[in-house]
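S.K.: Numbering (the UniProt record's numbering), first residue to last: 1 to 118. No residue lacks a Cβ here, since even glycine has one placed at the ideal position from N, Cα and C. All of these numbers come straight from a predicted model, not from anything done at the bench.
#1: Could you name the residues that DSSP lists as bridge partners for residue 116?
#2: Note down the Cα distance separating residue 85 from residue 117, rounded to an integer number of angstroms.
#3: Between 66, 100, 77, 103, which lies nearest to residue 32 when the distance is taken from Cα to Cα?
#4: Would you mind sorting residue 111 into buried or exposed? The rule is 16 or more other CB atoms within 10 Å of its CB.
#5: Would you call the CB atoms of residue 102 and residue 68 closer than 8 Å?
#6: Measure the alpha-carbon distance for residue 93 versus residue 14 and round it to whole angstroms.
#7: Roughly how many whole angstroms lie between the Cα atoms of residue 3 and residue 107?
#8: Considering only residues of the same chain and omitting the five flanking positions on each side of residue 28, which have a CB-CB separation below 7 Å?
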């Protein structure tokens with residue numbers, strides 16, 4: 001959806017516009033991704049914060065069982081994203097359908113800052 005694309009690209013103003021127009025922040029793509037998944041994976045902390053402030057589910061799972069925290073741990077070496085998600089209640093012990101934890105995904109993807117944070 002357009003909201004997913006705006007979140008993926010970190011376009012804070014466009015995400016804000018969609019929210020102001022009452023677009024559902026929990027809408028899912030065909031493979032189960034919510035906008036927060038894309039924002040977290042891309043390291044877009046301001047977009048993550050805005051989505052969370054407007055009803056995004058911190059532990060939403062896509063069809064592979066990834067939560068935003070799991071995607072952020074392996075997708076970008078930005079521990080501030082991890083801190084934000086954890087402070088909003090993300091399950092640090094969550095595992096995806098392959099039984100990978102956030103720490104394992106950080107290690108597998110050589111995300112050194114995330115490894116230290118987790």
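M.R.: The answer reads as follows:
#1: Beta-bridge pairing links residue 116 to no other residue.
#2: 13 Å
#3: 66
#4: buried
#5: no
#6: 32 Å
#7: 30 Å
#8: 34
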